[in-house]
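First up is the structure itself, then whatever we jot down about it.
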Amino acid sequence: MGIYISFNPPSANVAIKLIMNSIMDKGFINKKYPAIKNKWLCYGKAALYIFDNGKEFWSDDLKQVLADLEANHAFNPVKKPWFKAKAERRFGTINKQFLEKQKGKTFNSIREREDYDPKENAVVTFEVLIEVVYQWIIDVFQVSPHGKEQIIPNVTWKESEKEYPPVVIEPERLKIIINKTCESKLTKGGLTRDYIRYDSEELAAYRSKIGSCQTKYKVDEDDLGYIYVFNKNTRKYFKVSAVDARNNGLRQCQHEAHKKHAKRQVGSKINYDAIIQARIDLNRRVEKMCLKFWKLLQILFL
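Numbering (the numbering used here), first residue to last: 37 to 338.
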């Protein structure tokens with residue numbers, strides 16, 4: 037139904053993003069990656085979401101999203117892994133048929149790894165990884181027969197959606213619902229979250245009506261370039277961009293790395309300017325590494 041890949045550890049946000057991807061129409065994948073030949077047909081809100089008992093699945097953020105989606109949910113029985121055998125087998129399929137063949141893979145034990153260094157052998161960028169995973173799912177897994185019954189996912193989906201039409205959620209509403217809920221004090225300078233400031237004429241007009249107060253908004257941790265602010269009067273959200281356009285497309289995991297680097301440089305005096313400088317320094321370092329990598333490729337294949 038869906039997939040979500042990130043550098044973030046297991047969390048409510050990761051679970052929420054996975055739910056969003058499963059609900060969305062997947063047409064955007066073919067537009068972004070034209071080399072992918074087939075289509076991922078699965079989409080729509082599930083009748084019931086069943087979760088593991090990890091603490092991330094009991095979070096208030098996830099409960100709020102499920103309530104906004106008007107979605108039913110349940111939990112797998114404790115200490116009864118056989119209830120999720122199919123899910124575990126699916127991870128095994130991905131590992132054996134796709135990931136284990138790639139350079140930079142990790143191993144189950146030091147003995148298996150020997151002198152192989154996954155970091156030194158890594159050759160795929162994050163964006164390329166996402167593309168090739170999508171390509172494997174759509175052009176290989178979804179159109180291939182599986183199991184004793186030789187079920188082809190795309191064929192099964194086409195047959196089942198005639199009897200059970202997918203429940204569609206309007207894309208813009210879904211995008212707002214699925215984002216992380218936060219609160220900050222609305223001031224003359226707008227809203228500030230994690231050193232990034234957001235402001236607009238619409239937000240200033242809203243502040244003139246309600247004054248300076250704690251204000252609820254939604255954040256997309258895969259793009260910190262904007263937030264959705266909740267208007268208490270209209271009971272609707274409106275979009276507000278970051279004052280600094282350099283935050284467009286910035287992921288929370290990148291922002292955390294920039295803050296960590298800035299703290300090493302300036303210690304407790306960390307501020308927004310120090311974080312921006314850290315971002316510039318790290319981007320330069322990555323560019324140098326990429327240039328070195330491409331030069332090596334040219335030497336190997338010329």
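Glycine included, each C-beta is placed from N, C-alpha and C at the ideal position. In this text the structure is predicted, and so the values were computed from the model without any measurement.
- Pairwise C-beta distances place the region 252-261 in contact with the region 275-284, as three or more of them are shorter than 8 Å.
- Just so you know, the alpha carbons of residue 255 and residue 49 end up roughly 10 Å apart.
- DSSP, reduced to helix, strand and coil, places residue 264 within a strand of the structure shown.
- The beta carbon of residue 178 lies closer than 7 Å to those of 74, 76, 189 and 190 in the same chain, with the five residues before and after it left out.
- About 7 Å separates the beta carbon of residue 165 from that of residue 41, a gap short enough to meet the 8 Å contact definition.
- Listed in chain order, the non-local C-beta contacts of residue 225 below 7 Å within the same chain comprise 233 and 235, local neighbours out to five positions each way being set aside.
- Inclusion of residue 288 and residue 315 in the CB contact set at 9 Å is not warranted, their separation being larger than that value.
- The alpha-carbon of residue 245 is positioned some 30 Å away from that of residue 206.
- With a cutoff of 9 Å on beta-carbon distance, residue 301 and residue 293 are scored as not near each other.
- Residue 111 holds the alpha-carbon nearest to the alpha-carbon of residue 91 among 72, 111 and 85.
- Between residue 96 and residue 52, the C-beta spacing is not below 9 Å.
- Taking all protein chains shown into account, residue 71 has fewer than 16 neighbouring C-beta atoms within 10 Å of its C-beta and is therefore exposed.
- If you draw a straight line from the Cα of residue 174 to the Cα of residue 39, it comes to about 12 Å.
- Going by beta carbons, residue 253 and residue 219 fall inside the 9 Å limit.
- Cα atoms of residue 204 and residue 169: separation of roughly 25 Å, rounded to the nearest angstrom.
- Looking from the CA of residue 68, the closest CA among 167, 100, 81 and 114 belongs to 167.
- Taking a contact as a CB-CB distance under 8 Å, the pair residue 100 and residue 217 counts as one, their CB atoms being some 6 Å apart.
- Within a 10 Å sphere around the beta-carbon of residue 283 sit 16 or more other beta-carbons, which makes this residue buried.
- If only uninterrupted alpha helix (DSSP H) runs of at least 4 residues are considered, those enclosed by the region 228-308 are 237-246 and 288-302.
- Scanning the region 166-211 for uninterrupted alpha helix (DSSP H) segments of 4 residues or longer gives 189-199, listed from N- to C-terminal end.
- Here residue 195 is exposed. Its C-beta has fewer than 16 other C-beta atoms within 10 Å.
- Between residue 269 and the set 93, 227, 305 and 247, the nearest pair of CA atoms involves 247.
- Taken through DSSP and simplified to helix, strand or coil, residue 162 comes out as helix.
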